[in-house]
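Residue numbers are given in UniProt numbering: position 3 of the sequence shown equals residue 3, and the series is strictly consecutive.
No residue lacks a Cβ here, since even glycine has one placed at the ideal position from N, Cα and C.
As structure tokens, the structure follows; a few thoughts come after it.
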Amino acid sequence: MLTLATVNPGEPEVFSSLQGEGPGMGRPSVFVRLSRCNLACRWCDTAYTWRFAGDNRPHRDEVAFEKAGNQLVMSEEDTAALILVHPEDRLVITGGEPLLQGAALARLVALLKAERPALHVEIETNGTVAVHPALDPLVDQFNVSPKLSHSGNPAELALLPERLEAWARDPRAWFKFVVADPSDLAEISALQDRFGIAPDHLFVMPEGTSSAVLRDRSRWLAEEALVRGWRFTDRLHIHLYGDTRGT
């Protein structure tokens, strides 16, 4: 069984859109958003996947969501059927932290690839959870977004050396660092040097949930990416749809 996020109570967050971030930005994709996360980013724009009533971990909006209306448990078969209604040949599994549900995801992706063998599967992850052995060979791409100190997560939870070393060795892994302030760049450089992250697999992305904030931060961040040999990614979906579910 899978625990999914919802667009509305009882309606799982499965939708078609253009990938808004990273190496696949602009590609038509079908998305499925899972619930639950092992980290708590203070600026998280999908806090409805983890910050439920009784969870007092800090978040800038200080909103606690009711679990019953924002979480839905479904079988792998029913989830696959919902996904296969969409015509796109790229699946993005996002969260939350999807790899917390690795065994169930392996069953889901196996069902999907049996019906659509050419389906390209990418998983978005915070990089702290090892990939389930049954899931690993079924995934084409990992979008790994390690959380820097400005996220509010302690490094001993968010930046696990053994996991970052493994991701840096995996050619399917693309790193995406969320940047809020120029001071974040030194932290990224230190991680790149320590773990040998290839610059062509390292994206920097401005933090923000409005076009105005993203444009302001993009001006200086794009210049820094150019100087440092990193790749830059915007948040296309925010410009197109705003900070909304199911987009």
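Legend entry - Per-residue DSSP class, three states only, for Arg90: strand
Inset, instruction - Can you check DSSP and say which residues form a bridge with Trp174? - result: Asn143
Legend entry - Best match in Leu2, Pro206, Ile93 for proximity to Phe142 [C-alpha to C-alpha]: Ile93
Legend entry - Boundaries (first-last residue) of the beta strand (DSSP E) holding Leu72: 71-74
Inset, instruction - Starting from the N-terminal side, write out each stretch of the beta strand (DSSP E) that is 3 residues or longer and does not extend beyond the region 106-143. - result: 120-125
Legend entry - Leu135 to Gly20 span [Cα, whole Å]: 24 Å
Inset, instruction - Specify, as a first and last residue, the run of the beta strand (DSSP E) that Ser16 falls within. - result: 14-18
Inset, instruction - Note down the Cα distance separating Val30 from His237, rounded to an integer number of angstroms. - result: 14 Å
Inset, instruction - Check whether the Cβ atoms of Pro133 and Leu34 sit closer than 7 Å, and answer yes or no. - result: no
Legend entry - Under the three-state DSSP convention, the category Leu4 falls into: strand
Legend entry - Chain-order list of residues whose beta-carbon lies under 8 Å from that of residue 279 (same chain, five-residue window excluded): Because residue 279 is not part of the residues shown, which for the chain are 1 to 247, the question remains open.
Legend entry - Sufficient close CB pairs (3 or more, under 8 Å) joining the region 188-206 to the region 8-16: no
Inset, instruction - In the DSSP assignment, find the unbroken beta strand (DSSP E) run with Leu29 in it and report its ends. - result: Leu is not the amino acid found at residue 29; the sequence shown has Ser there. Segment 28-33, the beta strand (DSSP E) holding Ser29.
Inset, instruction - Could you check which residue in Pro199, Gly242, Leu4, Tyr241 has the C-alpha nearest to that of Trp230? - result: Pro199
Inset, instruction - Flag this pair as touching only if the region 99-107 and the region 40-56 have three or more C-beta atom pairs under 8 Å; answer yes or no. - result: no
Inset, instruction - Measure the C-alpha to C-alpha separation of Ser17 and Thr247 and round it to an integer number of angstroms. - result: 6 Å
Inset, instruction - List the DSSP bridge partners of Gly11. - result: As written in the sequence, residue 11 is Glu, which differs from the Gly given in the question. Glu11 pairs with Asn8.
Inset, instruction - Going by CA-CA distance only, name the one from Lys67, Leu112, Met74 that's closest to His86. - result: Leu112
Legend entry - CB of Ala190 within 7 Å of CB of Val144, strictly: no
Legend entry - Cutoff 8 Å; reference Asp181; Cβ partners in own chain excluding five residues on either side: His150
Inset, instruction - Go ahead and label Asn70 buried or exposed: buried means 16 or more other beta carbons lie within 10 angstroms of its beta carbon, across all protein chains shown. - result: buried
Legend entry - For Leu159, three-class secondary structure by DSSP: coil
Legend entry - Counterpart residues of Leu202 in DSSP-defined beta bridges: Phe175
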